[in-house]
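Here the sequence shown stands for residues 16 to 201, where the numbers follow the working numbering.
The C-beta atom is built at its ideal place from N, Cα and C for all residues, glycine as well.
Have a look at the structure below before the remarks.
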Amino acid sequence: MTRKNNPWHSVKYGENAPEVVTGIIEIPKGSKAKYELDKESGLLKLDRVLFSSIHYPANYGFIPQTYCDDSDPLDILVICSIDVQPMCMLDAKVIGVMQMIDNNEEDDKIIAVAKNDMSVNHINDIAQLPPHTLLEIRRFFEDYKKLENKEVIVEQFLGREQAYEIIQKSIDLYNSTFKSQPKEVI
Numbered sequence: 016m017t018r019k020n021n022p023w024h025s026v027k028y029g030e031n032a033p034e035v036v037t038g039i040i041e042i043p044k045g046s047k048a049k050y051e052l053d054k055e056s057g058l059l060k061l062d063r064v065l066f067s068s069i070h071y072p073a074n075y076g077f078i079p080q081t082y083c084d085d086s087d088p089l090d091i092l093v094i095c096s097i098d099v100q101p102m103c104m105l106d107a108k109v110i111g112v113m114q115m116i117d118n119n120e121e122d123d124k125i126i127a128v129a130k131n132d133m134s135v136n137h138i139n140d141i142a143q144l145p146p147h148t149l150l151e152i153r154r155f156f157e158d159y160k161k162l163e164n165k166e167v168i169v170e171q172f173l174g175r176e177q178a179y180e181i182i183q184k185s186i187d188l189y190n191s192t193f194k195s196q197p198k199e200v201i
C-alpha cells in the first residue's frame, strides 16, 4: 500500500494545528466495536467487540501525520452532538488531554470538540465541560479492558496548552520517523 492511499500518511494534521486539528474518526460515539486503522492497508479493521457492557462516550479516532511512543498515531476523542461515521474527517478544536497508561505505555487521549457543531464549539477548554462528562470518559477508559484482564490507568485531565505540546511533539516524532523514509512504501 502506498502512503498516498493511507489516511494516516496522506491527510494533513490540520492547517491551524495544534489549536484545531484534523480528526479521523474510527469509532462513533455509542459503539461497542473497537475499530482501528490497519497501518498497512489504510482500511478500517474490527479489532474486537468490547468485552464489557460499556460503549464509547465520544467519537474516537486519531490525528493524521502524528506518531507516539506506542507506535500509533495520536488518539483523539471528539465531543459532538452526533455519532460521526467511521473514517469521516472533521475539524476538531482541541480543549485538553487525558493522560493515560495502557499496558505500561503512555497512551494520551486528546480531548476536542467538533468545530462545526454549534452545540459544542463554544467550549474552549476542558474545564468548561460538565464534570459528569469527564467522569464518563474516565470511567470508560478505566473499565473498558477490565474483563480482558488488562489494566488502564487514567492519570489526569490537563488543559489545552498541555494538549498543544503533546500534539506538537507527536507531529515532530512523525516527521523524524516517516519523512526520511521512501514515500512509496510504509
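- Item | Span separating the alpha-carbon of valine 128 from that of glutamate 34 | 11 Å
- Once you ignore the five residues that flank aspartate 84 on each side, which residues in its own chain have a CB closer than 7 Å to its CB? Glu120, Glu121
- Pairwise C-alpha distance: serine 46 and leucine 52: 16 Å
- Query: How many angstroms separate the CA atom of serine 195 from the CA atom of isoleucine 141?
  - Reply: 36 Å
- Query: Which word fits methionine 115, buried or exposed, when buried means at least 16 other C-beta atoms lie within 10 angstroms of its C-beta?
  - Reply: buried
- Going by alpha carbons, who is nearest to isoleucine 182 out of Pro79, Leu65, Lys54, Val167? Pro79
- Task: Sort out for me which residues DSSP pairs methionine 102 with in a bridge.
- Result: In DSSP, methionine 102 forms no bridge with anything.
- Task: Please say whether isoleucine 39 and methionine 104 have beta carbons closer to each other than 9 Å?
- Result: yes
- Taking one C-beta from the region 56-70 and one from the region 170-187 each time, how about it: are there three or more such pairs within less than 8 Å? no
- Report the three-state DSSP secondary structure of methionine 16 (helix, strand or coil). Its pLDDT being 44, under 50, methionine 16 is placed unreliably by the model, and nothing is read from it.
- For valine 112, does the count of other Cβ atoms within 10 angstroms reach 16, so buried, or fall short, so exposed? buried
- What first and last residue would you give for the alpha helix (DSSP H) that runs through threonine 192? 175-193
- Message: In this structure, how does DSSP classify aspartate 90 when only helix, strand and coil are distinguished?
- Response: strand
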